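Asks:
Numbering (the working numbering), first residue to last: 100 to 167.
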């Protein structure tokens with residue numbers, strides 16, 4: 100609910116995230132992270148039924164891990 104009186108119900112949601120990792124050498128790896136892969140709109144916070152803070156849209160991050 101988005102208010103103390105429980106008069107406005109916020110819909111539930113689920114998102115799908117995934118991570119792929121590839122180890123190039125024992126000291127080097129590449130990671131790909133995908134967030135909200137099915138691009139679902141959802142509210143992470145609300146202020147009554149007029150203001151909604153939307154969650155993260157579909158996004159992809161790539162990272163490089165280096166060990167010493």
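Glycine included, C-beta positions come from ideal geometry on N, C-alpha and C. Fair warning: this is a prediction, and the values are worked out from it, not measured in the lab.
1) According to DSSP, is residue 113 part of a helix, a strand, or is it coil?
2) For the pair the region 118-127 and the region 142-153, tell me if three or more CB-CB distances fall below 8 Å.
3) Secondary structure at residue 52, three-state DSSP: helix, strand or coil?
4) Excluding the 5 residues flanking residue 163 on each side, which residues of the same chain have their C-beta closer than 7 Å to its C-beta?
5) Which whole-angstrom value is the C-beta distance of residue 40 and residue 155, which I expect to be below 8 Å?
Replies: To lay it out plainly:
1) Residue mapping note: residue 113 aligns to position 14 of the chain shown, counting from 1. Three-state DSSP puts residue 113 in coil, outside helix and strand.
2) no
3) This structure leaves residue 52 out entirely; the chain is present only between 100 and 167.
4) In the chain shown, the residue the question calls residue 163 occupies position 64. Taken in chain order, the residues that qualify are 129.
5) No answer is possible for residue 40: it lies beyond the span of the chain, which begins at 100 and ends at 167.
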